[in-house]
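Per this note's numbering, the very first residue in the sequence shown carries number 3; after that it's consecutive.
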Amino acid sequence: MARVKRGIVSHKRRKNALARTKGFRWGRKSKYRLAKDALRHAWTYAYRDRRAKKRAFRQDWQRQLGGALTLQNLNYSRFIAALKKQNVGLDRKVLAQLAKEHPKAFQKIIELCKA
């Protein structure tokens, strides 16, 4: 059986890992073993934070809505419950944008919920 030499594959894998860690600090950008570990951590944080970002945006929209509703003497939870009861299909993102950029339209939605 012929001997399989894997120098090219190993070199490519190491070069790829070091290219991905460009901009990292200290030995993590130049030493393969440290770069590999740094990449594993970076990918873990990226995976976790892609999900955390969705939660953070939703919380932000809820805060914006809560602030806009406080000015109208209305509670956030009661407002959302009234929206569901009236079968209004707008999500929190759109409602927060309306409250911020189009207060008159948002006021009409509030009046719809109060009725």
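Ideal placement from N, C-alpha and C gives every residue a C-beta, glycine not left out.
>> Just to check my reading of the structure: residue 73 and residue 115 have Cβ atoms closer than 8 Å, yes? What is that Cβ distance to the nearest angstrom?
In response: What you label residue 73 is simply residue 71 of the sequence shown in a count that begins at 1. What you label residue 115 is simply residue 113 of the sequence shown in a count that begins at 1. With a Cβ gap of about 15 Å, residue 73 and residue 115 do not count as contacting.
> What number of angstroms, rounded off, separates the C-alpha of residue 35 from the C-alpha of residue 69?
Replying inline: Along the sequence shown, one-based indexing puts residue 35 at 33. Along the sequence shown, one-based indexing puts residue 69 at 67. Roughly 50 Å separates the two Cα atoms.
>> Which of the three DSSP states is assigned to residue 7 in this structure?
In response: As a working note, residue 7 is residue 5 in the sequence shown. Coil at residue 7, not helix or strand.
>> For a test of the three-state rule: what should DSSP assign to residue 46, helix, strand or coil?
In response: Sequence index remark: in the sequence shown, residue 46 carries index 44 (1-based). Three-state result, residue 46: helix.
> Roughly how many angstroms lie between the CA atoms of residue 60 and residue 11, to the nearest whole one?
Replying inline: Working through the sequence shown from its first residue, we reach residue 60 at position 58. Working through the sequence shown from its first residue, we reach residue 11 at position 9. Those two C-alpha atoms are separated by around 44 Å.
> DSSP state of residue 68, grouped into three classes?
Replying inline: For the purposes of this step, residue 68 is taken as the residue at position 66 of the sequence shown. Helix.
>> If you reduce the DSSP assignment to three classes, tell me which class residue 29 lands in.
In response: What you label residue 29 is simply residue 27 of the sequence shown in a count that begins at 1. Residue state, collapsed to three classes: helix.
>> For residue 96, report the span of its alpha helix (DSSP H) as first-last.
In response: Locating residue 96 in the sequence shown gives position 94, counting from the first residue. That run of the alpha helix (DSSP H) goes 94-103.
>> Taking 6 Å as the limit between beta carbons, can you name the residues of its chain near residue 29, skipping five residues before and five after?
In response: On the sequence shown, position 27 is the one that residue 29 refers to. Hits under 6 Å: 36.
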